[in-house]
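J.: The structure is given below, and queries will be raised subsequently.
Protein chains in written order, with the working numbering: chain A, 1 to 110; chain B, 111 to 926.
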């Protein structure tokens, strides 16, 4: 079951920035790139759990603020010499409104 | 549950073992290391270039302090283990630390052999083993006096060449008839001796040292034949023996070294040994390649792979003396079942010898021209039948099949499994594979991914040729190190072009300077943002999305994602009202940790991001502003109590420190700037290890700069002495502005000063009054836009979005 939940509008997030959505399963980081693409991933670096939402956003990637791992926003995978991945969460933009899908979350929480 | 792994010794072998172990079983062990040397893991093979002045210590560090922190490893520096209790499974250091272990790794290395002649314990007799030895030799070399090196082997000759390069008059004493007789045949030994002598080093072979004499310190060395050689420094480099005393005292089986099986396990199943202290199959080793092999095996065993086993292989020997090419491998003694092929070219100073048995290479000595060493090594390893190419074999690989003698072609013709890096056992295919698969374009990248040429560096030329062969023009070794992967330009070039082309936004820089990525990366964006802030203080709009999180939210992120907050305490001075306000904030926000910092102020740790604006609001009520403890900018000005209180104080150091801090706070700099003012030369504010420091004296203010007391430790340089406080402030501000305009992002003052030159900085700041005034004025102008308290701005609502989640999804909503 796809469970789309509205979390705000595009303008809530600064370009090349991120905002957090608190969920019962932990924080989800919602990113907006320079060209207004939106991605959502777990706010938890696969390396040491750093808050990815606090990192510097460049292209479709973010650099973790704790130890500089670079994570692809599209795939959730670590780029460069590092290996690891975070869960990606489906996002949809309807006009200005942003939705994220919490299907996996719901089934796990249930 | 994690097991406790304790390692005794922090040399190259255990360092490599940890790298493998962290890869194979990152979470299995909680690791504690005891290092008798007071430092991190460095590349001992590179001590010779340090001694000769070709490299700095910083350049040969393998694992800096950050590496240990990153991997959660506890490193006790300067702790020598004095006892192992195998019953209790603990080790105890000479400082009284006792640590329990589940698995213990002994890597105590070796101790230099000291010839027990009379006088061997006189001051001035050194060995050549670690950085302390090198530093002692470099100190002794300053006298430009006479040195004697006992031992004409690998280490002895490298020590002699290093001391010679430092300007000493050096004599090498060698007990055998020719140098390096274990690695070279007599002919090559003779050529080597001639080359060494041509550098002005005297060589005496068949020299039997009888005594070292002198009155309270070394004065001369006496040989058995009556020869007397004056010397103020004697270096013993006659060999090493495994350091197995500790293991022996603990009742572990010891022969020449600590006896281990092919899995590097001693007769106590929970205790491993590796490196120069270990004896495996009756052999002990001193060259790095087999030690690294031991490291790989030990790591596999510790990670649970009981099949991992150490296999002996011959290791080529190379001499690390600039300008002497020498390669030796395997067995080259003469014998009835052996044939040899020799090539001599006296004019070119080349000598090559191959020793064959049953049409297969078993030994090689190359002198003067060593490019084919890798190929011969490969033929030997694979036991290739060379009868087909016997006539031309000695001319090398490129000669086979009539190809030209182009060194590039020789490398191209090597098979994929030919060993390139002997230290780390890396073959050609692995290097070219990594270059292609991971799109590597710099030598550093190749080293990071493959370890090839990352130890002794003697195969760097081969690796570079492989890079050219694999990626062609994309590899340009002469190029300036680019800022990051988004550009080919270096920091200095980018700074110059920002000014020259009048570039005033990050997109403008990226467009005009042809950035290869759409919006940069986490390396270049903060750098560009700083350069633009510095160069166009009144016009540039600070791009917060290009700042590191700490500078974006004006607090320091901690490992758990909470933040720490440090309010400014001008000159380290506070009062009851301020302390009361801090206490109230701590109570109100249930702040878990309060800590006095090294910069004379108070740190509150563990604050939730959402609480930051409210914490700042309360602190602001009490008059506090941000301490910029998170900034690449002015941090603290430490002070002592100076002439107001101290009976030794010569000037008002407290007042001056407060004045500097009030004048300079808020300014952004390439890297953090920490200052201090001491009221007298007793220097209680520790000004002589700061970025900028002042020592007050009766006659005025002595200004210091370019100190360091972090990853590197360095005393300051003296900029000069000025008479009044006003002059001192002008000089300090001008110096800081010069650094702001020229420093590369993240380059501390001491590194910038080393690059620019202390003399040039003194000339511009001390001697050129006009320049100094211009720097000062530009700093003052820039402060008009920088001195805004970021905390009160955010209390008033700036960047609200930073401090609250965009949405909260309730449990019910998520489970619908």
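By construction, the Cβ of each residue, glycine as well, lies at the ideal position given by its N, Cα and C atoms.
Going by CA-CA distance only, name the one from B:127, B:720, B:734 that's closest to residue 685 (chain B).
T.: Nearest option by C-alpha distance: B:734.
J.: Decide if the segment 252-268 of chain B is in contact with the segment 363-374 of chain B; the criterion is three or more beta carbon pairs, one per stretch, under 8 Å apart.
T.: As far as the Cβ criterion goes, the segment 252-268 of chain B does not touch the segment 363-374 of chain B, which means the pair count is below three.
J.: Just to confirm, are residue 352 (chain B) and residue 394 (chain B) a CB contact at a threshold of 9 Å?
T.: Closer than 9 Å, so yes.
J.: Between residue 703 (chain B) and the rest of its own chain, which residues show a CB-CB distance below 7 Å, the 5 nearest in sequence each way excluded?
T.: Cβ neighbours of residue 703 (chain B) beyond the five flanking positions: 715, 716.
J.: Please report whether the beta-carbon of residue 718 (chain B) lies at a distance below 9 Å from any beta-carbon of chain A.
T.: Not one chain A Cβ lies under 9 Å of residue 718 (chain B).
J.: Closer than 9 Å by beta-carbon distance: list the chain A residues that pair up with residue 559 (chain B), in chain order.
T.: The answer, in chain order, is 81.
J.: Can you give me the start and stop residues for the alpha helix (DSSP H) that residue 87 (chain B) sits inside?
T.: Past the edges of chain B, shown from 111 to 926, lies residue 87 (chain B), and the structure says nothing about it.
J.: For residue 455 (chain B), which beta-bridge partners are listed by DSSP?
T.: Per DSSP, B:460.
J.: Any beta-carbon of chain B closer than 9 Å to the one on residue 91 (chain A)?
T.: It does not; no Cβ of chain B falls within 9 Å.
J.: Nearest to residue 932 (chain B) by CA position, among B:864, B:844, B:116, is which residue?
T.: In the structure displayed, chain B extends from 111 to 926; residue 932 (chain B) sits before or after that span and is not available.
J.: State buried or exposed for residue 803 (chain B), treating a residue as buried only when at least 16 other CB atoms are found within 10 Å of its CB.
T.: Counting Cβ neighbours within 10 Å, residue 803 (chain B) comes out buried, since at least 16 surround it.
J.: Can you say whether residue 736 (chain B) is buried or exposed, counting buried as having 16 or more other CB atoms within 10 angstroms of its CB?
T.: Counting Cβ neighbours within 10 Å, residue 736 (chain B) comes out buried, since at least 16 surround it.
J.: Check for me: the beta strand (DSSP E) holding residue 472 (chain B) runs from which residue to which?
T.: Unbroken beta strand (DSSP E) run through residue 472 (chain B): 470-477.
J.: Just to confirm my understanding: we take residue 304 (chain B), look at its own chain, exclude 5 residues before and 5 after, and list those with CB closer than 7 Å. What are they?
T.: Hits under 7 Å: none found.
J.: Any contact of the segment 12-27 of chain A with the segment 910-917 of chain B, i.e. 3+ C-beta pairs under 8 Å?
T.: Flag = yes, the segment 12-27 of chain A and the segment 910-917 of chain B touch.
J.: Hey, which unbroken runs of the alpha helix (DSSP H) at 4 residues or more fall wholly within the segment 341-402 of chain B?
T.: List check, alpha helix (DSSP H) in window: 355-359.
J.: Express the C-alpha separation of residue 284 (chain B) and residue 448 (chain B) in angstroms, rounding to a whole number.
T.: So the alpha carbons of these two residues sit roughly 29 Å apart.
J.: Skipping 5 residues on each side, what residues in its chain have a beta carbon closer than 7 Å to that of residue 546 (chain B)?
T.: Here the set comprises 580.
J.: Less than 9 Å separating the beta-carbons of residue 806 (chain B) and residue 763 (chain B)?
T.: Going by C-beta atoms, residue 806 (chain B) is nearer than 9 Å to residue 763 (chain B).
J.: Check distances from the C-beta atoms of the segment 619-648 of chain B to those of chain A and list, in chain order, the residues that come in under 9 Å.
T.: So the close ones are 627, 628, 629, 630, 631, 632, 633, 634, 635, 636.
J.: DSSP puts residue 703 (chain B) in a beta bridge; with which residues?
T.: Looking at the DSSP assignment, residue 703 (chain B) forms a beta bridge with B:715.
J.: Tell me the DSSP secondary structure of residue 224 (chain B) in three-state form.
T.: Coil.
J.: Could you compute how far the alpha carbon of residue 617 (chain B) sits from the alpha carbon of residue 629 (chain B)?
T.: So the two alpha carbons sit approximately 8 Å from each other.
J.: Given that a residue counts as buried once 16 or more other Cβ atoms are within 10 Å of its Cβ, and exposed if not, what is residue 514 (chain B)?
T.: Low per-residue confidence applies at residue 514 (chain B): pLDDT is 44, beneath 50, and the placement is therefore not dependable enough to give any value.
J.: Using a C-beta cutoff of 9 Å, does residue 917 (chain B) count as contacting chain A?
T.: It does; some Cβ of chain A falls within 9 Å.
J.: Show which residues of chain B have a CB atom less than 7 Å away from the CB atom of residue 45 (chain A).
T.: Ordered by position in chain B, no residue passes the 7 Å Cβ test against residue 45 (chain A), which lies about 10 Å from the chain.
J.: Below 7 Å CB to CB, which residues in the same chain sit around residue 366 (chain B) once its five sequence neighbours on both sides are set aside?
T.: Taken in chain order, the residues that qualify are 352, 389, 394.
J.: Please report the straight-line C-alpha distance between residue 181 (chain B) and residue 66 (chain A), rounded to a whole angstrom.
T.: Straight-line Cα distance between these residues: approximately 13 Å.
J.: For residue 659 (chain B), which residues in the same chain have their Cβ closer than 6 Å to its Cβ, ignoring the five residues on either side in sequence?
T.: Closer than 6 Å at the Cβ level, and outside the excluded window around residue 659 (chain B), lie 667.
J.: Candidates B:465, B:529, B:329: which alpha carbon is nearest residue 481 (chain B)'s?
T.: The shortest Cα separation from residue 481 (chain B) among B:465, B:529, B:329 belongs to B:529.
J.: Compute the Euclidean distance between the alpha carbons of residue 444 (chain B) and residue 293 (chain B), then round it to the nearest angstrom.
T.: Their backbone Cα atoms lie some 14 Å apart in a straight line.
J.: Does DSSP classify residue 23 (chain A) as helix, strand or coil?
T.: Of the three classes helix, strand and coil, the one that applies to residue 23 (chain A) here is strand, per DSSP.
J.: Output the boundary residues of the beta strand (DSSP E) element that contains residue 901 (chain B).
T.: Segment 900-905 is the alpha helix (DSSP H) holding residue 901 (chain B); no beta strand (DSSP E) there.
J.: Identify which residue in B:646, B:576, B:206, B:250 has its Cα closest to the Cα of residue 610 (chain B).
T.: Selected option, being the one with the closest Cα: B:646.
J.: Quick one: what does DSSP say residue 918 (chain B) is sitting in, helix, strand or coil?
T.: The answer is strand: DSSP assigns residue 918 (chain B) an E or B state.
J.: Starting from the beta carbon of residue 15 (chain A), find every residue of chain B whose beta carbon is closer than 8 Å, and list them in chain order.
T.: Neighbours of residue 15 (chain A) on chain B, chain order: 655.
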